[in-house]
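Written out below as structure tokens is the structure these notes cover.
Numbering (my numbering), first residue to last: 581 to 927.
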């Protein structure tokens with residue numbers, strides 16, 4: 581069994597399943613094998629990505645799994661199987677290159693379709709105000725509609741369905757928000773569907789193209805009638821309030837003993853209250869914020885990915901509250917603790 585534990589850990593990470601009980605044990609030892617004696621396929625994907633550090637569960641989720649999944653999304657899943665059964669690193673590297681190409685295509689399709697869908701929503705005042713999102717274009721790539729649905733929820737936090745053509749019918753993926761059963765909602769639209777399946781938070785469906793408008797209207801009616809207003813506001817669950825002096829190496833070491841993190845065993849989320857920009861916070865790579873904040877004479881740094889649009893709030897030099905996870909950043913062979921900022925607000 582040990583021979584395949586790195587693949588088991590990759591499957592656990594890719595499927596976003598609970599990281600408790602047996603799964604947590606399997607993931608722990610699977611990561612150990614992935615770092616000490618990995619399958620040629622994992623080794624090749626890691627080399628292909630240019631990542632040279634120790635693999636954590638987040639690396640399997642965001643670095644390995646997307647490349648594996650891209651094969652089936654954009655071309656043939658068979659390539660991913662051939663990658664993992666390769667007899668040597670050279671053979672595995674050839675398949676890893678193919679998956680790298682598929683993943684680049686997937687990223688491009690993902691971004692293009694997300695941008696088009698957001699433009700459609702913004703252009704329709706009525707759609708902006710809806711309790712659900714249903715968008716359709718015949719030319720969208722079927723392999724990425726589920727990813728796009730998740731992306732749209734980042735912008736419009738509500739149950740979302742993205743549809744495209746699949747042969748002579750429309751096919752789509754649904755993603756939901758915390759507390760809302762999207763599968764039950766689809767059941768109430770089943771007379772308009774050719775088929776559907778899924779679970780509480782995600783589902784898929786097919787329907788006749790000429791029924792898309794009716795389905796969109798029905799789905800909105802069902803969601804509007806059953807969703808509670810608070811479900812449409814994303815919630816951040818905070819585990820503890822801390823102050824900057826507590827953010828030291830021994831504290832981080834204790835947190836690290838809880839790894840591997842994932843669903844049902846999430847990395848602890850902390851709150852810093854009444855901190856002030858030191859004046860050194862800045863935008864990096866156009867879309868991210870490099871934070872430098874102070875509290876009672878203590879200074880701490882962090883990174884906020886995709887937060888550049890909120891940078892003007894920092895420049896007001898007012899006190900802010902920051903929600904974050906504590907992580908270790910390695911740069912030029914120097915390891916340093918930093919905040920990975922989830923959100924912040926003016927006090």
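Even for Gly, the Cβ is constructed at its ideal location relative to N, Cα and C.
Cross-strand partners of residue i (DSSP beta bridge)
i           : result
residue 745 : 750
residue 786 : 751, 775
residue 971 : Here the chain covers residues 581 to 927 and nothing more, so residue 971 does not appear.
residue 908 : 917
residue 845 : 842
residue 902 : 852, 924
residue 780 : Looking at the DSSP assignment, residue 780 forms no beta bridge with any residue, so it has no partner.
residue 803 : DSSP output for residue 803 lists no bridge partner at all.
residue 656 : According to DSSP, which records beta bridges pairwise, residue 656 is partnered with nothing at all.
residue 868 : 864
residue 891 : None, per the DSSP bridge assignment.
residue 879 : 874
residue 716 : 743
residue 897 : None; residue 897 has no bridge partner.
residue 857 : 873
residue 621 : Looking at the DSSP assignment, residue 621 forms no beta bridge with any residue, so it has no partner.
residue 726 : Answer by DSSP bridge pairing: none, since residue 726 is not bridged.
residue 884 : 869
Contacting residues, own chain, Cβ-Cβ under 7 Å from residue i (five flanking each side not counted)
i           : result
residue 819 : 848, 849, 850
residue 856 : 873, 874, 897, 899
residue 761 : 780
residue 791 : 772
residue 588 : 606, 610
residue 647 : 625, 679, 680, 683
residue 827 : 880, 906, 917
residue 629 : 643
residue 843 : 596, 597, 598, 599
Proximal residues to residue i (C-beta, below 8 Å), its chain only, five neighbours per side dropped
i           : result
residue 652 : 660, 723
residue 737 : 757, 812, 813, 814
residue 744 : 716, 717, 718, 719, 720, 721, 722, 725, 750, 751, 752
residue 835 : 847, 848, 906
residue 623 : 669, 672
Per-residue burial, residue i [other beta carbons within 10 Å of its own, 16 or more giving buried]
i           : result
residue 689 : buried
residue 911 : exposed
residue 889 : exposed
residue 599 : buried
residue 887 : buried
residue 625 : buried
residue 658 : exposed
residue 732 : buried
residue 621 : buried
residue 654 : buried
residue 876 : exposed
residue 933 : Residue 933 falls outside the range modelled here, since the chain spans only 581 to 927, and no answer is possible.
residue 759 : exposed
residue 613 : buried
residue 904 : buried
residue 581 : exposed
Reference residue i, options the options, closest by Cα
i           : options            : result
residue 751 : 757, 759, 758, 742 : 742
residue 669 : 827, 619, 633      : 619
residue 892 : 905, 877, 871      : 871
residue 789 : 865, 834, 925, 716 : 716
residue 753 : 904, 759, 735, 721 : 721
residue 865 : 876, 883, 718, 632 : 883
residue 584 : 595, 617, 596, 597 : 617
residue 746 : 733, 784, 768      : 784
residue 909 : 901, 881, 903, 902 : 881
residue 632 : 913, 919, 767      : 913
residue 907 : 842, 832, 729, 837 : 832
residue 711 : 719, 718, 701      : 701
residue 918 : 698, 662, 879      : 879
residue 782 : 749, 827, 636, 725 : 725
residue 816 : 924, 650, 801      : 924
residue 868 : 922, 927, 786      : 922
residue 931 : 615, 766, 804, 650 : There is simply no residue 931 to check, as the chain begins at 581 and stops at 927 in what is shown.
residue 706 : 800, 823, 854      : 800
residue 637 : 686, 667, 685, 586 : 586
residue 748 : 727, 767, 777, 787 : 787
residue 551 : 842, 823, 839, 764 : With the chain represented from 581 up to 927, any question about residue 551 goes unanswered, as that position is not in the structure.
residue 699 : 603, 843, 735, 615 : 735
residue 841 : 581, 582, 597      : 597
residue 634 : 704, 777, 615      : 615
Sequence-distant residues of its chain with Cβ nearer than 6 Å to residue i (five each side left out)
i           : result
residue 928 : The structure shown does not extend to residue 928, since the chain spans only 581 to 927, so no value can be given for it.
residue 740 : 713, 729, 732, 733, 755
residue 594 : 645
residue 592 : 603, 607
Short CB-CB distance (under 8 Å) between residue i and chain D
i           : result
residue 598 : Here there is only one protein chain, and chain D is not present.
Sufficient close CB pairs (3 or more, under 8 Å) joining the region 764-777 to the region 793-813: Segments in contact, yes.
Spell out a yes or no on whether the region 691-706 and the region 639-647 are touching, meaning 3 or more CB-CB pairs, one atom from each, closer than 8 Å. Touching, no.
The region 801-817 in contact with the region 606-617 per 3-pair CB rule at 8 Å: As far as the Cβ criterion goes, the region 801-817 does not touch the region 606-617, which means the pair count is below three.
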